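Inspection log for the structure reproduced underneath, given as structure tokens.
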Amino acid sequence: MAHLLIIEDNENNLYLSTFILEKHGHRVSAARDGAEGIRLAKELRPDLILLDIQLPGMDGYAVAANLSSNDATAAIPIVAVTSYAMAGDRERVMAAGCNGYIEKPINPDTFLEETLKVLQTGGIYEQNTVR
Ligand code: MN
């Protein structure tokens with residue numbers, strides 16, 4: 034069982050990812066914006082952070098940069114979740130300090146595996162683009 038922090042402003046995405054993770058016995062905490070996410074990451078020290086890139090105010094890139102430069106949170110793996118399907122985004126999220134990358138819309142058949150792969154490999158994970 035893992036404890037995951039989901040930083041996500043879209044209620045549907047938050048609901049779906051929480052549902053899938055909890056159904057498989059994992060514990061989920063949620064934040065609706067970057068500032069709350071950073072606060073909860075420091076307080077809760079989750080095993081993994083799922084980070085939406087498109088967030089109100091502080092975006093996911095800024096959140097990832099903050100988390101990875103802070104001693105209290107630097108060791109926590111981050112998986113970026115983004116609907117930006119533009120070339121260069123993967124490189125940008127990895128450069129911001131993320132360890133993995135999942136594209137929206139969330140695919141219920143592969144979401145759990147893709148998320149936990151980062152925990153199992155202890156870090157770098159390249160998304161399998163073959164669906
Ligand atoms: Mn969003």
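Heads up, the sequence shown is in my numbering, so the first residue is 34 and it goes up one at a time. Think of the CB as a built atom: it goes at the ideal place given N, C-alpha and C, for glycine as much as any other residue. Remember, it's a predicted structure, so these values are computed and weren't measured experimentally.
Quick check: is any heavy atom of the ligand MN less than 8 angstroms from the C-beta of residue i?
i      : result
Asp104 : no
Gln87  : yes
Asp24  : As displayed, the chain neither begins before 34 nor continues past 164, which places residue 24 out of reach and without an answer.
Asp122 : no
Glu41  : yes
Asn46  : yes
Within 10 Å of its beta-carbon, does residue i have 16 or more other beta-carbons around it, so buried, or fewer, so exposed?
i      : result
Glu147 : buried
Gly130 : buried
Thr154 : exposed
Met34  : exposed
His59  : buried
Ile39  : buried
Ala113 : buried
Pro79  : buried
Glu166 : Nothing about residue 166 can be read from this structure; the chain reaches only from 34 to 164.
Tyr158 : Residue placement at Tyr158 cannot be trusted, given a pLDDT of 48 that sits under 50; what the coordinates show is reported in the next sentence. Buried, by the Cβ-count rule.
Glu124 : exposed
Is the beta carbon of residue j closer than 9 angstroms to that of residue i?
i      : j      : result
Leu47  : Leu152 : no
Asp66  : Thr115 : no
Gly37  : Phe144 : It is worth fixing the name first, because residue 37 is Leu in this sequence and not Gly. No, these two residues do not count as a Cβ contact at 9 angstroms.
Pro110 : Gly90  : no
Original post:
Between the segment 88-99 and the segment 50-63, do at least 3 Cβ pairs fall closer than 8 angstroms?
Top reply: Too few Cβ pairs lie closer than 8 angstroms, so no.
Original post:
Which residue spans inside the segment 38-101 form an unbroken beta strand (DSSP E) run of at least 3?
Top reply: As far as the segment 38-101 is concerned, its whole beta strand (DSSP E) runs of at least 3 residues are 60-64, 81-85.
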